[in-house]
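So the sequence shown is numbered by this note's numbering: it starts at 2 and just counts up by one.
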Amino acid sequence: MVSMKSEHQNNTITLLGLESSGSACSVGISHDNRLLAEISVNLKNIHSEKMASFVEYLLQNCQLTAKELTAIILSAGPGSFTGLRIGYSLAKGYAHALGIL
């Protein structure tokens, strides 16, 4: 598991979790150790097409903005090299844009 987190002023933790190491494409959001929402679709080769839209969908349904995320966690493998790269790229993009490094 790899984690990237920001320095927020308050003590609340809002996590974005990504799983892309296998055939399942999974995204979840938790707040203060409580799972708010998750999507997990067990279809091969959809990670690059669907993972980012799953994140946006969950953020909207949880009435959150990406700026409210305090950390991003993702699977570190073992697993599909391409799937892991997709998850890492998405996490790195969000982390860089949000200053979570």
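Every residue, glycine too, gets a C-beta built ideally from N, C-alpha and C.
All figures in this text were calculated on a predicted structure; none of them were measured in a lab.
Taking residue i and residue j to be in contact with their CB atoms under 8 Å, please state how far apart those CB atoms are, rounded to whole angstroms.
i, j, result
"L36", "L70", "Going by Cβ atoms, the distance from L36 to L70 rounds to 15 Å, so no, they are not a contact pair."
"L16", "V56", "The Cβ separation is near 12 Å, so there is no contact."
"L65", "L19", "With 8 Å as the limit, L65 and L19 do not qualify as a contact, their Cβ atoms being about 16 Å apart."
"N62", "A38", "6 Å"
Check whether the Cβ atoms of residue i and residue j sit closer than 8 Å, and answer yes or no.
i, j, result
"M52", "S21", "yes"
"L60", "A67", "yes"
"V28", "I14", "no"
"I101", "I73", "yes"
Ordered along the chain, which non-local residues of its own chain (more than five positions away) have a Cβ less than 6 Å from that of residue i?
i, result
"I87", "S21, H48, S49"
"G78", "S22, L85"
"I42", "Reading off the sequence, residue 42 comes out as Val, not Ile. Correct list, in chain order: C26."
"K45", "S24"
Pull the bridge partners of residue i from the DSSP assignment, please.
i, result
"N43", "A25"
"T15", "H32"
"A38", "I30"
Once the 5 residues before and after residue i are set aside, which same chain residues still bring their CB inside 7 Å of it?
i, result
"S81", "S22, G23"
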